[in-house]
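Following: one structure in structure tokens, then a few remarks.
Numbering (this note's numbering), first residue to last: 68 to 132.
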């Protein structure tokens with residue numbers, strides 16, 4: 068049977084995970100806003116460019132956290 072980690076270590080691990088889930092989007096908020104502003108600006112003139120920027124934003128959203 069596997070030995071469970073100490074309670075303090077579990078709490079530190081949970082806190083680090085929660086901090087990364089909440090903190091990373093807050094840290095990269097400006098980048099997310101910049102990408103969405105570029106999508107809105109490009110959507111009228113170049114729909115394919117807007118689609119590419121949407122895919123880029125989703126990629127950032129999925130792979131950064």
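Ideal placement from N, C-alpha and C gives every residue a C-beta, glycine not left out. Being a predicted model, the structure only gives us computed values, none of them experimental.
Cβ-Cβ separation, residue j to residue i (assumed contact under 8 Å), whole Å
| i | j | result |
| --- | --- | --- |
| residue 110 | residue 117 | 4 Å |
| residue 124 | residue 103 | 7 Å |
Limits of the alpha helix (DSSP H) - the one that residue i falls within
| i | result |
| --- | --- |
| residue 131 | Unbroken run through residue 131: none, as it is neither H nor E. |
| residue 95 | Counting along the chain, residue 95 falls outside any alpha helix (DSSP H), and DSSP gives it neither H nor E. |
Residue i in three-state terms, based on DSSP
| i | result |
| --- | --- |
| residue 111 | coil |
| residue 105 | helix |
| residue 123 | helix |
| residue 77 | helix |
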